[in-house]
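Encoded as structure tokens, the structure appears first; notes follow it.
There are 2 protein chains.
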Amino acid sequence: MKSKVLYNREKEKLSIVKIGGNIVDNPAELQKFLIDFNMLKGLKILIHGGGAIATKMAEQLGIETKKVQGRRITDSETLKLVTMVYAGLINKNIVASLQSIGCNAIGLTGADANCIPSIRRSPEPVDFGFVGDPDPQRVNKTFIVELLENASIPVFCAITHDGEGSLLNTNADTIAYTVASALSDIYKTTLYYCFEKEGVLMDLNNPESLIETIDIDEYNKLIQQGVIADGMIPKLFNSFNAISQGVSEVIILHAKNLLTGKGTKLI
Amino acid sequence: MKSKVLYNREKEKLSIVKIGGNIVDNPAELQKFLIDFNMLKGLKILIHGGGAIATKMAEQLGIETKKVQGRRITDSETLKLVTMVYAGLINKNIVASLQSIGCNAIGLTGADANCIPSIRRSPEPVDFGFVGDPDPQRVNKTFIVELLENASIPVFCAITHDGEGSLLNTNADTIAYTVASALSDIYKTTLYYCFEKEGVLMDLNNPESLIETIDIDEYNKLIQQGVIADGMIPKLFNSFNAISQGVSEVIILHAKNLLTGKGTKLI
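Sequence lines, in order, name chains A and B.
Per the working numbering, the very first residue in the first sequence carries number 77; after that it's consecutive.
Per the working numbering, the very first residue in the second sequence carries number 77; after that it's consecutive.
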């Protein structure tokens, strides 16, 4: 269900760009990407993932990575770690880099100004620990719109909060989908998922095998065939959800192609 | 020199509260302090120090504390560490705590929205590394005022930036002085330095020996007598500077006395 339109006017364009951990891990690629991001016209929001820096830091601090059914658990030590790395180290360095090239970035978690409240995921059937699932209906749109209208560029890391004092580790793709969905009744929103591949590929090892457009039927067919697997499943699931919530366009693409928009377009 | 008045109106009251590292280190005392801070009437800004958490984390990560002439040096590893601990761990947990008690906090570094640009300290005579000295004239007052007018409560950690892509470690007392000075032409500003002592004491070991008011002449006399020493010298120096820049009131006090205002008042 979509919330009511806040402003009675023709919709302005908004780009919501999610940059994956593999790019964040590489300082040269990240810098190149930030320059492109700065050149993207119109209102925009950046959302960044974590990457290997957190894993490396966990090793240095002797924090063991706990997994259940192959999926990571965020215990209290891991929550501290990701808060330091995502909200501190990565977020603030991205902000300083953007500021240095004239982009008026402001780094945020979902806790700041209560931008993205989450619900801690139920401990049943699997207790993932301090992990949050945000809800597009509860996003603080008023505040985010104010920032955008004042020419600030929000930069979100993958941390939210439960409103009861606890921060929560949250999937960055999900944050991108949530913010895009929340703002789609106010803006004509394009969601870009930037990562280290050309888009959705028929053959992971062949960048030429790019699927240029994909719809929900094709998506289900490709999952059955095993072409779409692992991390790509939730990314596409979030993307189709975003479209059903009113997001105009979702593009999955290589970070280097942000300005051309070449990648897999969801229809 | 004071900048021109931005708004032609009677000045509203603004409290700028700096909380020291010793309180931040103690979860129970911090929580109590945040409840008091939330009860403080009117517009307000919180600025927090770092404390022993950073030192402990440095040990865990094997980062050596480098000193020159007894003063810490911020090398690139230390800068990463303080960015993680101050801007990530401490700042975002304070924000989440404040949000949970109904205080609409937003956590910021000086890099965010270019709120507090700094100049990296000259390497002569001593190279302190990535340390920044902010300038009240360059504070992004427009943005901070917008936040305050929209009922947001800015929470600053002790990190600024040079505008050229580098974050800078910055003394939290200095940030408090800088922000207070910058906003004093817009608001009737009171600067509170909260820490673990009752205020300026004639005898450090006797909390009853509180100096209730102090002026610049008394300050100089007490330095000569050795009564005021160590960290209290820059704190008072910043405080007198703040008053000369138009800050209405500076009070140095125990964190537990924030609501009564009982402490040492600078005149």
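Note that CB positions come from ideal geometry on N, CA and C, so glycine has one too.
- Taking 3 residues as the shortest admissible run, the region 299-331 of chain A contains the following complete beta strand (DSSP E) segments, listed from N- to C-terminal end: 325-330.
- For A/Arg148, the closest of A/Ala134, A/Ile129, A/Leu137, A/Phe204 by C-alpha to C-alpha distance is A/Phe204.
- The straight-line gap separating the alpha-carbon atoms of A/Glu200 and A/Leu155 is approximately 20 Å.
- If you check each beta-carbon in the region 326-343 of chain A against every beta-carbon of chain B, none falls closer than 7 Å.
- Collapsing the DSSP output to three states places B/Val255 in a helix.
- Taking 8 Å as the cut-off between beta carbons, the residues of the region 149-167 of chain B near chain A are Lys156, Thr159, Met160, Val161, Tyr162, Ala163, Gly164, Leu165, Asn167, in sequence order.
- When CB distances to chain B are screened at a threshold of 7 Å, the residues of the region 113-142 of chain A falling below it are Gln136, Leu137, in chain order.
- Under the 8 Å criterion on CB atoms, A/Thr185 is classed as interfacial with respect to chain B.
- When 8 Å is used as the limit between beta carbons, A/Ser173 is near these residues of chain B: Gly241, in chain order.
- Non-local beta-carbon contacts of B/Gly307 in its own chain, meaning distances under 7 Å to residues more than five positions away in sequence, are absent.
- When C-beta atoms of the region 254-264 of chain B are compared with those of the region 216-230 of chain B, three or more pairs fall below 8 Å, so the two segments count as touching.
- If only complete runs of 3 or more residues are kept, the region 240-293 of chain B shows the beta strand (DSSP E) at 243-245, 263-271, in order along the chain.
- The beta-carbon separation of A/Ala130 and A/Val100, rounded to 10 Å, does not stay under the 8 Å limit for a contact.
- Residue-level contact by beta carbon holds for A/Asp188 and chain B, with a gap shorter than 8 Å.
- Under the three-state reduction of DSSP output, B/Phe232 falls in the strand class.
- A residue is called buried once 16 or more other Cβ atoms fall within 10 Å of its Cβ, and B/Val158 is buried on that count.
- The straight-line gap separating the alpha-carbon atoms of A/Asn167 and B/Lys117 is approximately 32 Å.
- Rounded to the nearest whole angstrom, the CA to CA distance from A/Cys179 to A/Pro103 is 18 Å.
- No Cβ-Cβ contact shorter than 8 Å links A/Pro310 with A/Ile251.
- If you look at B/Leu342, you'll find it in the beta strand (DSSP E) that goes 340-342.
- Against chain A, a Cβ distance below 8 Å from B/Asn180 picks out Ala189, Asn190.
- Judged by DSSP in its simplified three-state form, A/Thr150 adopts strand.
- Contacts with chain A at 8 Å (Cβ-Cβ) do not include B/Ile95.
- Against chain B, a Cβ distance below 7 Å from A/Glu222 picks out Asn226.
- Bounds of the beta strand (DSSP E) holding A/Ser91 are 88-95.
- Per the coordinates, the alpha-carbon of B/Leu329 lies some 6 Å from the alpha-carbon of B/Tyr269.
- Sequence-distant partners of A/Asp238 (beyond 5 residues in either direction) whose C-beta falls short of 8 Å from its own C-beta, in its chain, are Pro193, Ser194, Ile195, Arg196, Gly208, Leu244.
- Here A/Lys132 is exposed, its C-beta having fewer than 16 other C-beta atoms within 10 Å.
- Take the alpha-carbon of A/Ser176 and the one of A/Glu294: they are about 43 Å apart.
- With a 10 Å radius around the Cβ and a threshold of 16 neighbouring Cβ atoms, B/Pro212 comes out buried.
- Annotation: the continuous alpha helix (DSSP H) that includes A/Ser173 extends over 167-176.
- Distance between A/Ser285 and A/Gly275, taken at the CA atoms: about 9 Å.
- In the DSSP secondary-structure assignment, B/Gly205 is bridged to B/Thr150.
- Chain A places no beta carbon closer than 8 Å to that of B/Ile290, leaving this residue out of the contacts.
- Taking C-alpha positions only, B/Ser320 is separated from A/Asn216 by approximately 40 Å.
- Residue burial annotation: B/Thr185 is buried, with at least 16 other C-beta atoms found within 10 angstroms of its C-beta.
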